[in-house]
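J.: Numbers in the numbering used here are just positions in the sequence shown, counted from 1, shifted up by 78.
Pasting a structure below so you can have a look.
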Amino acid sequence: MKQRDEREEASGVALRPATIYDFLHPKLERVAQELHDRLIDFAEDGRFAADLDRAFHIFFSEEALEILDPEEEAAFISFIEWFIYDYRLAHGEKRLIDIFAQEEGHTLGDLEREVLSSWLETNITLLEVVRVSPEGVAVEDLFTGEKLWIADPAMAAGVTLWSILLCRVLPVGDSYQPSGAALEVPPMFKRDILRQAQLDFRRWQRLHGRAGGWRAYLRERGYSLNVTVAKLFAAGQEDFLAREEEMRRRNEGRSARVLLGLSPELRGKLLRQYYEEYFRQWPDTPHPNLRGYTPRQSCQSPAGRRRVREMLKELEFIEERKRQAGEVHYDIGRLRQALNLPAECGGERPSIKWTRPVYAQVAEELRWQLANAGYLQPQVENAVQLWADYCRVKRPEIKKRETWLAALEYTMARLEFTGGITQKDLSEKYNVAVASISSKFRSIWQALKLENFDQRYTTQEDPYTKLLRFLR
Numbered sequence: 079m080k081q082r083d084e085r086e087e088a089s090g091v092a093l094r095p096a097t098i099y100d101f102l103h104p105k106l107e108r109v110a111q112e113l114h115d116r117l118i119d120f121a122e123d124g125r126f127a128a129d130l131d132r133a134f135h136i137f138f139s140e141e142a143l144e145i146l147d148p149e150e151e152a153a154f155i156s157f158i159e160w161f162i163y164d165y166r167l168a169h170g171e172k173r174l175i176d177i178f179a180q181e182e183g184h185t186l187g188d189l190e191r192e193v194l195s196s197w198l199e200t201n202i203t204l205l206e207v208v209r210v211s212p213e214g215v216a217v218e219d220l221f222t223g224e225k226l227w228i229a230d231p232a233m234a235a236g237v238t239l240w241s242i243l244l245c246r247v248l249p250v251g252d253s254y255q256p257s258g259a260a261l262e263v264p265p266m267f268k269r270d271i272l273r274q275a276q277l278d279f280r281r282w283q284r285l286h287g288r289a290g291g292w293r294a295y296l297r298e299r300g301y302s303l304n305v306t307v308a309k310l311f312a313a314g315q316e317d318f319l320a321r322e323e324e325m326r327r328r329n330e331g332r333s334a335r336v337l338l339g340l341s342p343e344l345r346g347k348l349l350r351q352y353y354e355e356y357f358r359q360w361p362d363t364p365h366p367n368l369r370g371y372t373p374r375q376s377c378q379s380p381a382g383r384r385r386v387r388e389m390l391k392e393l394e395f396i397e398e399r400k401r402q403a404g405e406v407h408y409d410i411g412r413l414r415q416a417l418n419l420p421a422e423c424g425g426e427r428p429s430i431k432w433t434r435p436v437y438a439q440v441a442e443e444l445r446w447q448l449a450n451a452g453y454l455q456p457q458v459e460n461a462v463q464l465w466a467d468y469c470r471v472k473r474p475e476i477k478k479r480e481t482w483l484a485a486l487e488y489t490m491a492r493l494e495f496t497g498g499i500t501q502k503d504l505s506e507k508y509n510v511a512v513a514s515i516s517s518k519f520r521s522i523w524q525a526l527k528l529e530n531f532d533q534r535y536t537t538q539e540d541p542y543t544k545l546l547r548f549l550r
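Pasting the structure below:
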């Protein structure tokens, strides 16, 4: 098991606990492939024809057809995967995979039944690539924060570090494998994609009164991410390419004229020298995305550090694409060292020392409640940090945890400009008085001197930063 331990340590991503199936992985892969093929064959049964037709028109709606082509292999594969794993058949609440397990389960061996059982709980999701190695890809689920190891050398050979993958992954032993097609988009689209998904989550929750958080939403509405991602990518692709070209021009500057006509060796040497100088100055150069502050100045606060780390991911993605294309590139790890930032290995949870056990208990309950309410992982961690800062300043007495949970959720709704969340709604959710929520909310707001677009605790971009970007 030494090789597996080294891989886990290097990736910073916790894999599944070691089991006897580590020694059976090749067999498990064959079992998984055969089981997947049987599911495809089962879906072609004529009795599902009406459901297949109905599902097709839901997946490829008029809106979807503006951006998705059913005749493209990747789009059609994504549809079939959704039809098998998520679509609820017309007569009843069962999915096709549920019917397969019920009718064909007795024909499966123990190993096949175990694999099938684990597949029943999967959903399409957005995964951020946090590490790439020849053996596979370490990813983080952007909705749940779960960290996974995808043991797929073919995927590893084709993706770029920090890209975003829209796909479904199936557990196979102690790792995962992609199911069907995966759509890869640059990290520059992450913020907008997640915002659109969050808006749709809240519409879904409000209109249908659904519970169960992100996993329930993704099983019921995950197919809509295909349209969301494709639309945003199509709309922003031209801008992305322009930004990438601008980055190249900015990096090469006027020196590009000097490089014309030079030998590849000399041109490469001069570009490397230029990159050294450009990135040496980068930590101390004001940036519009940082409200005009330098990356080094921004790193003095937790919120600023988060923004700089996201910027470095985008830079690293661009430099990695250069490396893959055989072009001169720069090691962004050196920028992290210059800024005293740790190497990235996914969205690690910040370490907080709680002075009282009850404060930690409120924090854990807060994580669960906000995730179920459709908050994204960075927003959840911001809320926990806000609670930690408040506890440090005020050392509150906790008589009823639900009151504090309601007040904290209302505070985050205000900071994130989440419409439709009222103190009355939260009083019913947590079974506490509106007056109590209001009192605790005012205490939190005043003690931490909060303000709209407070960059310590919100993921919302403040108007000043937007203006700077617009004027850039």
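Where a beta carbon is used, it is the ideal one built from N, C-alpha and C, also for glycine.
No experiment lies behind these values; they were computed from the predicted model shown.
1. With distances taken Cα to Cα, identify the nearest neighbour of V462 among S429, P474, A451, R492.
2. Counting Cβ pairs, one atom from each stretch, are 3 or more of them under 8 Å apart for the region 224 to 240 and the region 394 to 406?
3. Let me make sure I understand the geometry here. Which of W292, R297, S196, G300 has the alpha-carbon closest to that of N450?
4. What is the residue span of the beta strand (DSSP E) that E206 lies within?
5. Any chance the CB of G223 is under 7 Å from a heavy atom of the ligand MG?
6. Locate the alpha helix (DSSP H) running through D467, then write down its first and last residues.
7. Between the Cα of Y295 and those of L310, A308, L174, F279, spot the shortest distance and give me the residue it belongs to.
8. Closer than 6 Å by C-beta to I118: which residues in its own chain qualify, once you throw out the five before and the five after it? Chain order, please.
9. Could you tell me if K472 is buried or exposed, where buried requires 16 or more neighbouring beta carbons within 10 angstroms of its beta carbon?
10. Quick one: give me the first and last residue of the beta strand (DSSP E) that A168 is part of.
11. Alpha helix (DSSP H) containing K391: first to last residue?
12. Tell me which residues share the same chain as L243 and place their Cβ nearer than 6 Å to its Cβ, disregarding the 5 neighbours each side in the sequence.
13. If you draw a straight line from the alpha carbon of N304 to that of S156, how long is it in whole angstroms?
14. Flag this pair as yes or no: are the beta carbons of F161 and A110 separated by less than 8 Å?
15. Rounding to the nearest angstrom, what Cα-Cα distance links V250 and P265 in this structure?
16. Please classify A128: is it buried, with 16 or more other beta-carbons within 10 angstroms of its beta-carbon, or exposed?
17. So R627 packs on A312, CB below 8 Å; how close in whole Å?
18. How far does the alpha helix (DSSP H) with V109 in it extend, from its first residue to its last?
19. Taking the DSSP output, what are the residues bridged to I228?
20. Could you tell me which of R385, W465, Q255 sits nearest to K431, measuring between CA atoms?
21. Please return the same chain residues whose Cβ sits closer than 7 Å to the Cβ of E159, not counting the five positions on each side in sequence.
T.: Let me spell this out:
1. Taking the first residue of the sequence shown as 1, we reach residue 462 at position 384. Of all alpha-carbon atoms in S429, P474, A451, R492, the one lying nearest the alpha-carbon of V462 is that of S429.
2. Result yes; three or more Cβ-Cβ pairs closer than 8 Å.
3. Counting from one through the sequence shown, the residue named residue 450 turns up at place 372. N450 has its Cα closest to that of W292, out of W292, R297, S196, G300.
4. Residue 206 sits at position 128 when you count from the first residue of the sequence shown. That run of the beta strand (DSSP E) goes 202 to 211.
5. For the structure depicted, the ligand MG is absent and the ligand set is empty, with no information on it obtainable.
6. For the purposes of this step, residue 467 is taken as residue 389 along the sequence shown, with counting starting at 1. D467 -> alpha helix (DSSP H) spans 455 to 472.
7. Taking the first residue of the sequence shown as 1, we reach residue 295 at position 217. Among L310, A308, L174, F279, the Cα nearest to that of Y295 is on F279.
8. The residue given as residue 118 occupies position 40 in the sequence shown. Here the set comprises nothing.
9. Your numbering for residue 472 matches position 394 in the sequence shown. By the C-beta density criterion, K472 is exposed, having fewer than 16 other C-beta atoms within 10 angstroms.
10. As a working mapping, residue 168 is identified with position 90 in the sequence shown. Note, A168: premise wrong, no beta strand (DSSP E); not H, not E.
11. The residue you call residue 391 lines up with position 313 of the sequence shown. Run containing K391: 380 to 402, per the alpha helix (DSSP H) assignment.
12. Taking the first residue of the sequence shown as position 1, residue 243 is located at position 165. Within its own chain, the residues whose Cβ lies closer than 6 Å to the Cβ of L243, once the five positions on either side in sequence are excluded, are L205, A260, E262, listed in chain order.
13. Along the sequence shown, one-based indexing puts residue 304 at 226. Along the sequence shown, one-based indexing puts residue 156 at 78. Their Cα atoms are separated by approximately 8 Å.
14. One-based indexing of the sequence shown puts residue 161 at position 83. One-based indexing of the sequence shown puts residue 110 at position 32. No, they are not a contact pair.
15. Counting from one through the sequence shown, the residue named residue 250 turns up at place 172. Counting from one through the sequence shown, the residue named residue 265 turns up at place 187. Each residue's Cα considered, the two are about 27 Å apart.
16. What you label residue 128 is simply residue 50 of the sequence shown in a count that begins at 1. Exposed, by the Cβ-count rule.
17. As displayed, the chain neither begins before 79 nor continues past 550, which places residue 627 out of reach and without an answer.
18. In the sequence shown, the residue the question calls residue 109 occupies position 31. Taken as a continuous stretch (DSSP letters only), the alpha helix (DSSP H) holding V109 covers 103 to 121.
19. Locating residue 228 in the sequence shown gives position 150, where the first residue counts as 1. In the DSSP assignment, I228 forms a beta bridge with V215, Y254.
20. For the purposes of this step, residue 431 is identified with residue 353 of the sequence shown, where counting begins at 1. Here the closest residue by C-alpha is W465.
21. Within the sequence shown, the letter at position 81 stands for residue 159. Counting only Cβ-Cβ distances below 7 Å, and skipping sequence neighbours, we find R246, S257, G258.
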